[in-house]
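**Student:** Here the first sequence is numbered in UniProt numbering, starting from 1 and rising by one per residue. A single structure is presented below for examination.
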Amino acid sequence: MKDKEVKTRMKRGFWKPEEDLILKNCVKTHGEGNWATISEKSGLMRSGKSCRLRWKNYLRPNIKRGMMSEDEKDLIIRLHKLLGNRWSLIAGRLPGRTDNEVKNFWNTHLNNKRSCRGKRKHVKSKEANTQSTQGKMQEYPAETVSNQEVATKTVLDSWIEEMQDFNCSLLSPLTMNNMPFLEDEPFIPILDDIVLLEAFTSTGKEAWNEIQPFL
DNA sequence: AACGCTATCAACCGCTCTCGC
DNA sequence: AGCGAGAGCGGTTGATAGCGT
1 MKDKEVKTRM KRGFWKPEED LILKNCVKTH GEGNWATISE KSGLMRSGKS
51 CRLRWKNYLR PNIKRGMMSE DEKDLIIRLH KLLGNRWSLI AGRLPGRTDN
101 EVKNFWNTHL NNKRSCRGKR KHVKSKEANT QSTQGKMQEY PAETVSNQEV
151 ATKTVLDSWI EEMQDFNCSL LSPLTMNNMP FLEDEPFIPI LDDIVLLEAF
201 TSTGKEAWNE IQPFL
């Protein structure tokens, strides 16, 4: 009841530039993570959750905004194939991108289920190239792929192959309950804790170091 | 020019996880 | 061990920009 009262008194909706400024200063003063304190001390009448979200998705330093590069798109597709809807994990591999941004990008550009919901009447010219590459991640038309992209794809291919080999040796057979292994949610935590850690600390780390200059 | 429709994305909601007591 | 508070995550919603008719 009390919570509800507090909730209804909280301000909602889009953030104004002046609110952003106040939040930035508060984070500087109280530190990132103390959202309850920030919410209280800022006087913004925003919930701690709301402050956290705004900071994480917009105000945090080194946030990269704007269109996803081809490399980023490719990485998202591949990591999603590997991890499923673990947006924070995927975003963690894309420097400067947020989980919300990756999630939105997936839902609007790459998620076939959603994009097939209604046929697009129009396609913005800037998106034309994106649309044409959907659902064709195994094919790399030579005329559209730069040397950097080839390098990135080669590294990623071998890296993902290694990780999948590792998965198979851990939990073969390849399928469980007639479902592809990687789509089987109960095994995702294993991917997080063991496979990903290993992948990014040994051979995977090397692969990641090779990819990073292109991002 | 006006209207309808769709795509986009910021923000919210509810659930789970983590940590301190 | 159990509980509560706060943080984090993924799914969903709603406002709005912009294109087609």
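The beta-carbon is built from N, C-alpha and C at its ideal position, and this holds for glycine as well.
Counting only the same chain and skipping the five closest in sequence on each side, list residues whose C-beta sits under 6 Å from that of Ala-91.
**Tutor:** Your numbering for residue 91 matches position 91 in the first sequence. Contacts found: Arg-97, Thr-98, Asp-99, Val-102.
**Student:** With a Cβ-Cβ cutoff of 7 Å, do Met-68 and Phe-105 count as a contact?
**Tutor:** The count along the first sequence starts at 1 and reaches residue 68 at position 68. The count along the first sequence starts at 1 and reaches residue 105 at position 105. It is a contact, given that the beta carbons lie within the stated cut-off.
**Student:** Could you tell me the alpha carbon to alpha carbon distance between Gly-43 and Leu-79, rounded to whole angstroms?
**Tutor:** Sequence index remark: in the first sequence, residue 43 carries index 43 (1-based). Sequence index remark: in the first sequence, residue 79 carries index 79 (1-based). Answer to the nearest angstrom: the Cα atoms are 40 Å apart.
**Student:** Suppose you measure from the CA of Ile-38 to the CA of Lys-16; what does that come to, to the nearest Å?
**Tutor:** Position 38 of the first sequence, counted from the first residue, corresponds to residue 38. Position 16 of the first sequence, counted from the first residue, corresponds to residue 16. In this structure, the straight-line span from the alpha carbon of Ile-38 to that of Lys-16 is close to 17 Å.
**Student:** Alpha carbons only, please: which of Asn-62, Cys-51, Met-10, Leu-75 is nearest the one belonging to His-30?
**Tutor:** One-based indexing of the first sequence puts residue 30 at position 30. Closest in alpha carbon position to His-30, among Asn-62, Cys-51, Met-10, Leu-75, is Cys-51.
**Student:** Among Glu-18, Leu-94, Gly-33, which has the Cα closest to the Cα of Lys-49?
**Tutor:** The sequence position of residue 49 within the first sequence is 49, counting from 1. It is Gly-33 whose Cα lies nearest to the Cα of Lys-49.
**Student:** Take the Cβ of Glu-72 as the centre, count every other Cβ of all protein chains shown within 10 Å, and call the residue buried at 16 or more, exposed below.
**Tutor:** Locating residue 72 in the first sequence gives position 72, where the first residue counts as 1. Buried.
**Student:** Work out the CA separation of Leu-110 and Ile-77 for me, nearest whole Å.
**Tutor:** Mapped onto the first sequence, residue 77 falls at position 77. Mapped onto the first sequence, residue 110 falls at position 110. Rounded to the nearest angstrom, the two C-alpha atoms are 8 Å apart.
**Student:** What three-state label does DSSP hand Arg-54 in the structure shown?
**Tutor:** For this step, residue 54 is matched to residue 54 along the first sequence. Arg-54: helix per DSSP, three-state reduction.
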